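Peer 1: Just so we're aligned: the sequence shown equals residues 1 to 441 in my numbering.
The structure under discussion is supplied below as structure tokens; questions concerning it will follow.
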Amino acid sequence: MSSLSSLSSSDSDEEDQSRSTKRRRTQETDEENAPKPTKKTRRTRTVEVHERKPEDFVVRASNTWKIGPHVSAAGGIENAIINAASVGANAFAIFLKSQRKWDSNALKDESIAKFKERMKTFGYSSTHILPHGSYLVNLGNPDREKRDKSYECFVDDLKRCEQLGLSLYNFHPGSTVGAGTLEKSLSLIADCINRAHEVTKNVTIVLENMACFPAGSGNVIGSRFSELGEIIRQVDDKRRVGVCLDTCHMYAAGYDITSRQGWQFEFDREIGIGYLRGMHLNDSKAALGSKKDRHETIGLGHLGLRTFVHILADPRTRDIPLILETPAYDVQTGSSAAARQRFATEGMGVWRTEVAVLNSLSGRGKDDGFVDVSEEELEERRKEIEEAVRTASKLRDAKGKKVDEGGKAKPKSKRKRAVEEDDNIHNGDEEDGDSCCESGH
Ligand SMILES: [Zn+2]
Ligand SMILES: [Zn+2]
Numbered sequence: 001m002s003s004l005s006s007l008s009s010s011d012s013d014e015e016d017q018s019r020s021t022k023r024r025r026t027q028e029t030d031e032e033n034a035p036k037p038t039k040k041t042r043r044t045r046t047v048e049v050h051e052r053k054p055e056d057f058v059v060r061a062s063n064t065w066k067i068g069p070h071v072s073a074a075g076g077i078e079n080a081i082i083n084a085a086s087v088g089a090n091a092f093a094i095f096l097k098s099q100r101k102w103d104s105n106a107l108k109d110e111s112i113a114k115f116k117e118r119m120k121t122f123g124y125s126s127t128h129i130l131p132h133g134s135y136l137v138n139l140g141n142p143d144r145e146k147r148d149k150s151y152e153c154f155v156d157d158l159k160r161c162e163q164l165g166l167s168l169y170n171f172h173p174g175s176t177v178g179a180g181t182l183e184k185s186l187s188l189i190a191d192c193i194n195r196a197h198e199v200t201k202n203v204t205i206v207l208e209n210m211a212c213f214p215a216g217s218g219n220v221i222g223s224r225f226s227e228l229g230e231i232i233r234q235v236d237d238k239r240r241v242g243v244c245l246d247t248c249h250m251y252a253a254g255y256d257i258t259s260r261q262g263w264q265f266e267f268d269r270e271i272g273i274g275y276l277r278g279m280h281l282n283d284s285k286a287a288l289g290s291k292k293d294r295h296e297t298i299g300l301g302h303l304g305l306r307t308f309v310h311i312l313a314d315p316r317t318r319d320i321p322l323i324l325e326t327p328a329y330d331v332q333t334g335s336s337a338a339a340r341q342r343f344a345t346e347g348m349g350v351w352r353t354e355v356a357v358l359n360s361l362s363g364r365g366k367d368d369g370f371v372d373v374s375e376e377e378l379e380e381r382r383k384e385i386e387e388a389v390r391t392a393s394k395l396r397d398a399k400g401k402k403v404d405e406g407g408k409a410k411p412k413s414k415r416k417r418a419v420e421e422d423d424n425i426h427n428g429d430e431e432d433g434d435s436c437c438e439s440g441h
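So this is what it looks like as structure tokens:
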């Protein structure tokens, strides 16, 4: 169990690390003192950053509940591990390539090697890493050509998992795009999973539940447990298929998970609890049954901390990746090394606090079903998260916009936004807004 007091020591550790970062700067001396230049003077600046080690970061909680955010893999997939370690995560999610582009470069050999090396150095297990699939993929599309394109992108992701030694892969089931029946699309998705199983060896394919009903918005598949259950029934190799439950999506889809029995009974009846391979822990900005997919920081939305206490009191949520897709404050592409360091300590403080709070509230259920967490304790923890958000908000707002001295958000330039997407920055609130229900077409 991590203690929250370790947060301050981690911050100072990171500052020490920052100070110990070697910088070598060569530049021409002042023009007055310098010999008369014959060519144009040039300024070069080299920054050498040491390989980060586990001891540079907060001591990770020793906990059978494995909690951590969806982190950025900007600059190389191996950097995701550093980002996860810097917030004390025992689990994490990543995109394996740009989630909004069909074509991406192959993973570089040195990135793969470094990723594997860091997995070992930082003590992460592949069973606690839950990569997230491309938003473009729709295996339920009745249009053969479009489905084939999706399938190719999907299998490419699975092969990337295998290259990295990862064993789980989460994706959005898809959509009927209004061009066919739900039953037909469910079969098409199962068929794609069966084919993908044949061309891969070890990866377990994990279906994510969605926020919208097919009849309601965009024909999205997977908001009802029965739909996920039906896909799984049609998959041949049941050992390599599972479900990731997103708490925000469940709530938006109408499952009242604020009570202890809010999802488990129906999940077990329609799917089977044994298929639960991961969860996305997100609070919800939108109300129960709203069908709106709006992620909120843990404890600050309609679900509230109590909901997560119940989930983390259940032994069946142990030893699976429990991923935060809550708003991020870590956007850093294009910033200087010093600014990146600041975002890492202060901006990522929200995730660090959410992880620490959830760790401290996990495993509090008793054998008789009683959960030993008082309202006072919950309120105290909620305030810690709120404070972390306040601190981080001074640097950036949750959409990654720079905030100036007067606290007014400056919109990012178009170019900067494009760079961030290309660099595969995950903004943590992947489905914040209406986008989730529109994706997968
Ligand atoms: Zn998702
Ligand atoms: Zn999710």
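Virtual Cβ for every residue (Gly too), placed ideally from N, Cα, C.
The structure displayed is predicted, hence computed values, not measured ones.
Do you know offhand how far Q163's Cα is from V155's?
Peer 2: For the purposes of this step, residue 163 is taken as residue 163 along the sequence shown, with counting starting at 1. For the purposes of this step, residue 155 is taken as residue 155 along the sequence shown, with counting starting at 1. When rounded, the distance between both Cα atoms is 12 Å.
Peer 1: DSSP three-state label for K285, please.
Peer 2: Reading the sequence shown from its first residue, position 285 is the one you call residue 285. Coil.
Peer 1: Which same chain residues end up closer than 7 Å to I385 when comparing Cβ atoms and leaving out the 5 residues on each side of it in sequence?
Peer 2: Residue mapping note: residue 385 aligns to position 385 of the sequence shown, counting from 1. Hits under 7 Å: T297, I298, G299, L300, T353, E354, V357.
Peer 1: When DSSP builds the beta bridges, which residues end up paired with C244?
Peer 2: Translated into positions along the sequence shown, residue 244 becomes position 244. In DSSP, C244 forms a bridge with E208, G278.
Peer 1: Using the three-state DSSP reduction, which class does V59 fall into: helix, strand or coil?
Peer 2: The count along the sequence shown starts at 1 and reaches residue 59 at position 59. If DSSP states are grouped into helix, strand and coil, V59 belongs with coil.
Peer 1: Alpha carbons only, please: which of S126, A179, D157 is nearest the one belonging to K146?
Peer 2: Taking the first residue of the sequence shown as 1, we reach residue 146 at position 146. Out of S126, A179, D157, A179 has the C-alpha closest to the C-alpha of K146.
Peer 1: Determine the DSSP secondary structure at K66, reduced to helix, strand or coil.
Peer 2: For the purposes of this step, residue 66 is taken as residue 66 along the sequence shown, with counting starting at 1. Strand.
Peer 1: Check this for me: beta carbons of A286 and G349, under 8 Å apart or not?
Peer 2: Taking the sequence shown and counting its residues from 1, one reaches residue 286 at position 286. Taking the sequence shown and counting its residues from 1, one reaches residue 349 at position 349. Contact: no.
Peer 1: Does the Cβ of H442 lie closer than 7 Å to at least one heavy atom of ligand 1?
Peer 2: Since the displayed the chain opens at 1 and closes at 441, residue 442 lies outside it and no answer follows.
Peer 1: Tell me, please, whether the segment 133-152 touches the segment 114-124 by the rule of three or more beta-carbon pairs shorter than 8 Å.
Peer 2: no
Peer 1: When you compare the CB positions of S284 and H310, do they come within less than 8 Å of one another, or not?
Peer 2: Counting from one through the sequence shown, the residue named residue 284 turns up at place 284. Counting from one through the sequence shown, the residue named residue 310 turns up at place 310. Their beta carbons are not under 8 Å apart, which means S284 does not touch H310 by this criterion.
Peer 1: Looking at the structure shown, is V87 part of a helix, part of a strand, or coil, going by DSSP?
Peer 2: The residue you call residue 87 lines up with position 87 of the sequence shown. Three-state result, V87: coil.
Peer 1: Using 8 Å for Cβ pairs, my map puts L186 next to I129. What's the rounded Cβ distance?
Peer 2: Residue numbering aside, residue 186 sits at position 186 when the sequence shown is read from its first letter. Residue numbering aside, residue 129 sits at position 129 when the sequence shown is read from its first letter. The beta-carbon distance between L186 and I129, rounded to whole angstroms, is 28 Å. This is too long to meet the 8 Å contact definition.
Peer 1: Give the DSSP bridge partners of V220, in chain order.
Peer 2: Position 220 of the sequence shown, counting from 1, holds the residue named residue 220. The partner list for V220 (beta bridge, DSSP) reads S175.
Peer 1: Which residue comes first and which comes last in the beta strand (DSSP E) that contains I311?
Peer 2: For the purposes of this step, residue 311 is taken as the residue at position 311 of the sequence shown. That residue, I311, is in no beta strand (DSSP E); its alpha helix (DSSP H) goes 304-311.
Peer 1: How big is the Cα-Cα spacing for A74 and D368?
Peer 2: Along the sequence shown, one-based indexing puts residue 74 at 74. Along the sequence shown, one-based indexing puts residue 368 at 368. In a straight line, the C-alpha of A74 is about 46 Å away from that of D368.
Peer 1: Could you name the residues that DSSP lists as bridge partners for A93?
Peer 2: Counting from 1 along the sequence shown, the entry for residue 93 is found at position 93. H70.
Peer 1: Tell me which residue opens and which closes the alpha helix (DSSP H) that L164 is part of.
Peer 2: Reading the sequence shown from its first residue, position 164 is the one you call residue 164. Element bounds for L164: 144-164.
Peer 1: Measuring only the C-alpha atoms, how far is E51 from S360?
Peer 2: Within the sequence shown, residue 51 is the residue found at index 51, counting from 1. Within the sequence shown, residue 360 is the residue found at index 360, counting from 1. Answer to the nearest angstrom: the Cα atoms are 30 Å apart.
Peer 1: Could you tell me the distance, in whole angstroms, from the CA atom of T121 to the CA atom of I81?
Peer 2: The residue you call residue 121 lines up with position 121 of the sequence shown. The residue you call residue 81 lines up with position 81 of the sequence shown. Taking the straight line from one Cα to the other gives about 10 Å.
Peer 1: Is there at least one non-hydrogen atom of ligand 3 closer than 7 Å to the beta-carbon of E227?
Peer 2: Ligands displayed in this structure: ligand 1 and ligand 2; ligand 3 is not among them.
Peer 1: Note down the Cα distance separating R323 from R269, rounded to an integer number of angstroms.
Peer 2: On the sequence shown, residue 323 is found 323 positions in, with the first residue counted as 1. On the sequence shown, residue 269 is found 269 positions in, with the first residue counted as 1. Note on identity: in this sequence residue 323 is Ile, with Arg being the wrong assignment. Rounded to the nearest angstrom, the two C-alpha atoms are 24 Å apart.
Peer 1: Looking only at its own chain, which residues have a Cβ that is under 7 Å from the Cβ of E472, when we skip the five neighbours before and after it?
Peer 2: Because the chain is modelled from 1 through 441, residue 472 falls outside the range shown and cannot be assessed.
Peer 1: Do C248 and N282 come within 8 Å of each other at the CB atom, strictly closer than that value?
Peer 2: As a first step, residue 282 is located in the sequence shown; it is residue number 282 there, counting from the start. As a first step, residue 248 is located in the sequence shown; it is residue number 248 there, counting from the start. Yes; because the gap between Cβ atoms is below 8 Å, this pair is in contact.
Peer 1: What does the alpha-carbon distance come out to for the pair Y329 and L166?
Peer 2: In the sequence shown, residue 329 corresponds to position 329, counting from 1. In the sequence shown, residue 166 corresponds to position 166, counting from 1. For Y329 and L166, the distance between alpha carbons rounds to 27 Å.
Peer 1: From M250, I232, Y251, E266, pick the residue whose C-alpha is nearest to that of G242; which is it?
Peer 2: Within the sequence shown, residue 242 is the residue found at index 242, counting from 1. Considering only alpha carbons, the answer is I232.
Peer 1: In this structure, how does DSSP classify E110 when only helix, strand and coil are distinguished?
Peer 2: For the purposes of this step, residue 110 is taken as residue 110 along the sequence shown, with counting starting at 1. Of the three classes helix, strand and coil, the one that applies to E110 here is helix, per DSSP.
Peer 1: Is it buried or exposed for T41, if we count other Cβ within 10 angstroms and need 16 for buried?
Peer 2: Within the sequence shown, the letter at position 41 stands for residue 41. Residue confidence is low: T41 scores 48 on pLDDT, short of 50, so the model does not pin down where it sits. No coordinate-derived value is stated.
Peer 1: Please state whether DSSP places N359 in a helix, a strand or coil.
Peer 2: Against the sequence shown, residue 359 aligns to sequence position 359. N359 falls in the helix class under three-state DSSP.
Peer 1: Say the cut is 7 Å; is the CB of H132 nearer than that to a heavy atom of ligand 1?
Peer 2: Counting from 1 along the sequence shown, the entry for residue 132 is found at position 132. At least one heavy atom of ligand 1 is nearer than 7 Å to the Cβ of H132, so yes.
Peer 1: Taking only three categories from DSSP, how would you classify I82?
Peer 2: As a working mapping, residue 82 is identified with position 82 in the sequence shown. Three-state result, I82: helix.
Peer 1: Give me the residue from C212, G88, H70 with the minimum Cα distance to F57.
Peer 2: By 1-based counting over the sequence shown, the position of residue 57 is 57. The option with the nearest alpha carbon to F57 is G88.
Peer 1: Beta strand (DSSP E) containing L322: first to last residue?
Peer 2: Taking the sequence shown and counting its residues from 1, the one referred to as residue 322 is at position 322. Here the beta strand (DSSP E) through L322 covers 321-324.
Peer 1: Can you have a look at T176 and say buried or exposed, based on whether 16 or more other CB atoms are within 10 angstroms of its CB?
Peer 2: Position 176 of the sequence shown holds residue 176. T176 is buried by the Cβ-count criterion.
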